[in-house]
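Step one of this worksheet: look at the structure below.
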Amino acid sequence: MIVHQRQSSPGNVGNWFQASGFPLDIRRPRFGDPLPETLEGHTGAVIFGGPQSANDTDDFIRREIDWISVALREEKPFL
77 MIVHQRQSSP
87 GNVGNWFQAS
97 GFPLDIRRPR
107 FGDPLPETLE
117 GHTGAVIFGG
127 PQSANDTDDF
137 IRREIDWISV
147 ALREEKPFL
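Mapping the sequence shown onto this note's numbering, position 57 (from 1) lands on 133, and the numbers just tick up by one.
Written out as structure tokens, the structure is:
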């Protein structure tokens with residue numbers, strides 16, 4: 077799960093996944109967290125919104141957009 081604020085959490089979405097038996101791996105690339113090179117060991121991925129736009133020029137946004145190909149290539153569920 078990718079969130080974009082230091083204090084952000086996956087909220088009800090994360091609660092649902094945990095209650096359903098899925099462990100959470102929460103990343104904050106805006107603050108230096110690396111994105112996984114593979115989703116092996118992950119059931120899928122969720123990228124949450126934030127005050128940023130996908131059109132912003134911040135490096136972390138470009139990395140996230142490029143990273144989406146990992147989930148697609150590995151045919152993992154992706155939101």
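Beta carbons: idealized from backbone N, C-alpha and C, even for Gly.
DSSP places I141 in the uninterrupted alpha helix (DSSP H) bounded by D135 to R149. Between the segment 111-131 and the segment 78-95 there are three or more inter-stretch CB-CB distances shorter than 8 Å, so the stretches are counted as touching. In this structure, I144 keeps its C-beta atom at 8 Å or more from the C-beta atom of A130.
Residue pairing from DSSP places R103 in a beta bridge opposite I78.
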